[in-house]
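Colleague:
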Amino acid sequence: MKLSSIGRVGIFLFAGTILVSGASARPQTKPASKPASMASDTGGVKALGSKSAPITMEVFEDFQCPACRNFYESSLKMVIDNYVNTGKVYLIHRDFPLDIHPYSHDAARLANAAARLGQFEPVERALFDNQEKWSPNGKIDEAITTDVSALKLKKIRDYEAAHMEEINSSIERDHAMGVQRNVNQTPTIYVTSHGKTEALPGGGVAYPLLKQYLDYLLRQ
Amino acid sequence: MATIAAVSESSTRPGTLPRVLLFLGRFILGAIFAYAAFAKLYFNGGWHFGDYYFFFGMAINSYNLLPLWAVELVARFMPWFELLLGLALLIGIGLRWTGLIASGLLAVFIAAMTRAYILGLEIVCGCFGNSEKLGPWTLIRDSSMLVLALAVTVGAFLIHRRRTVVSS
Chain P
798 MKLSSIGRVG IFLFAGTILV SGASARPQTK PASKPASMAS DTGGVKALGS KSAPITMEVF
858 EDFQCPACRN FYESSLKMVI DNYVNTGKVY LIHRDFPLDI HPYSHDAARL ANAAARLGQF
918 EPVERALFDN QEKWSPNGKI DEAITTDVSA LKLKKIRDYE AAHMEEINSS IERDHAMGVQ
978 RNVNQTPTIY VTSHGKTEAL PGGGVAYPLL KQYLDYLLRQ
Chain E
25 MATIAAVSES STRPGTLPRV LLFLGRFILG AIFAYAAFAK LYFNGGWHFG DYYFFFGMAI
85 NSYNLLPLWA VELVARFMPW FELLLGLALL IGIGLRWTGL IASGLLAVFI AAMTRAYILG
145 LEIVCGCFGN SEKLGPWTLI RDSSMLVLAL AVTVGAFLIH RRRTVVSS
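From first to last, the protein sequence lines are chains P and E. Residues in the first sequence are numbered consecutively from 798, following the working numbering. Residues in the second sequence are numbered consecutively from 25, following the working numbering.
(1) Give the secondary structure of residue 887 of chain P by DSSP, where H, G and I count as helix, E and B as strand, and everything else as coil.
(2) Counting along the chain, where does the beta strand (DSSP E) carrying residue 990 of chain P start and finish?
(3) On the three-state DSSP scale, how would you describe residue 975 of chain P?
(4) Quick check for students: name the residue ranges of the alpha helix (DSSP H) that lie wholly in the segment 846-881 of chain P, counting only runs of 4 or more.
(5) Can you give me the C-alpha to C-alpha distance between residue 851 of chain P and residue 886 of chain P, rounded to a whole angstrom?
(6) What residues in its chain sit with their C-beta under 7 angstroms from that of residue 45 of chain E, if we drop five residues either side in the sequence?
(7) Do we get a CB-CB distance below 7 angstroms when we pair residue 830 of chain P with the residues of chain E?
(8) Return helix, strand or coil for residue 87 of chain E, following the three-state DSSP convention.
(9) What separation, rounded to the nearest whole angstrom, lies between the Cα atoms of residue 189 of chain E and residue 125 of chain E?
(10) Are residue 866 of chain P and residue 916 of chain P closer than 7 angstroms when you measure CB to CB?
(11) Counting contacts by CB-CB distance shorter than 7 angstroms, is residue 945 of chain P in contact with chain E?
(12) Does DSSP classify residue 830 of chain P as helix, strand or coil?
(13) To test your reading of the DSSP string, which unbroken alpha helix (DSSP H) runs of 4 or more residues are found completely within the segment 887-927 of chain P?
(14) Compute the Euclidean distance between the alpha carbons of residue 70 of chain E and residue 976 of chain P, then round it to the nearest angstrom.
(15) Examine the Cβ distances between the segment 998-1011 of chain P and the segment 165-184 of chain E and report whether three or more of them are shorter than 8 angstroms.
(16) Can the beta-carbon of residue 944 of chain P be found closer than 7 angstroms to that of residue 891 of chain P?
(17) Just to confirm my understanding: we take residue 869 of chain P, look at its own chain, exclude 5 residues before and 5 after, and list those with CB closer than 7 angstroms. What are they?
(18) Quick one: does residue 992 of chain P have its CB under 7 angstroms from some CB of chain E?
(19) Going by C-alpha to C-alpha distance, which of P:883, P:951, P:843 sits closest to residue 1015 of chain P?
(20) By the 8 angstroms beta-carbon criterion, what residues does the segment 115-128 of chain E contribute toward chain P?
(21) Taking the beta carbon of residue 1017 of chain P as the centre, do at least 16 other beta carbons fall within 10 Å, making it buried, or is it exposed?
(22) Expressed to the nearest angstrom, what Euclidean distance is found between the alpha-carbon atoms of residue 990 of chain P and residue 119 of chain E?
(23) DSSP three-state label for residue 138 of chain E, please.
(24) Helix, strand or coil for residue 994 of chain P per DSSP?
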């Protein structure tokens, strides 16, 4: 039976796609490692997990950003539980407060002060868990008292007041780093493994896909 | 009789200008699709034959349209499909149908992007790599590509019809 032209075109596209994508699925030879393009600052106090973890994940975030909240609640929490706490991922928070969010700098200062007192994780969690409460009016302390005790909060705020310049500099350093790396939205995620840093699509990544990618990197 | 036949043939044979325009249109469209495929396979300074589908899958998934299994399927095959479609357009294989497929594909992309834009999703387009944020210019650009694809398709059908008339 003579094939019509659409049949020929259809077979060409279909078969060609299957063949070529199948060929690409064969194990590839490992590319030569390029020098890590990570910043020399390894995160320090705003980092979770072990520095010797095989994967490093940097997340440029704005505490008042809804997409950052969604990413934190639906993906990052599970990454922390399943990969950071098991020594597979070293997670670094980078501040990238956006000008469109009037209270993001205040939230970032609180988180940075908390980090210096060893309280980064609970404060980060409290900020994102209660974002819808403090985002409209900027009343951060009032919104997070259910998760961070008043005493602890006072201690953090006192520390913040005493080290304001240093904290602002730290936030500005992170922001400058993001600008240099063309961060144009939050969250923006960089994953470093085997000496190579990749930028993930901005706006956050669903946990199942992120898990697949992290598992793939761990298998290499 | 021979003179009438010769006059009749010349009046129904596709002119030079339509054929030149069709050639330019399919060449540009083919190059665009080929580049779209390239941008999904080469990014962050290197080829990603082994892991391109993770990144493209993340971009597709951010549209919140498809179930995970469909995201994975599309992520694996779409770049190669775009590459072959681009090559077919560049070479000029089955132009009526490759034009139609390109138009259909672009229409689906634009519908998905429009929906995401209206919903206020702050995501990457995924059109040419993983770094382009979805915005109004993305929609305008892709709509222009759809117009081009439709023009190529219509042109291909018209020229084919004229050739059919001549040969009959």
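Cβ atoms here follow ideal geometry from the backbone N, Cα and C, with glycine treated the same way.
Modeller: With the structure as the only source:
(1) strand
(2) 985-990
(3) helix
(4) 863-868
(5) 6 angstroms
(6) 179
(7) Low local confidence applies: a pLDDT of 31 at residue 830 of chain P is under 50, so the model's placement there is unreliable, and no value is given.
(8) coil
(9) 25 angstroms
(10) no
(11) no
(12) With a pLDDT of 31 at residue 830 of chain P, under the threshold of 50, the modelled position of this residue cannot be trusted, and the question is left open.
(13) 901-913, 917-926
(14) 22 angstroms
(15) no
(16) no
(17) 925
(18) no
(19) P:883
(20) 117, 118, 120, 121, 122, 125
(21) exposed
(22) 44 angstroms
(23) helix
(24) strand
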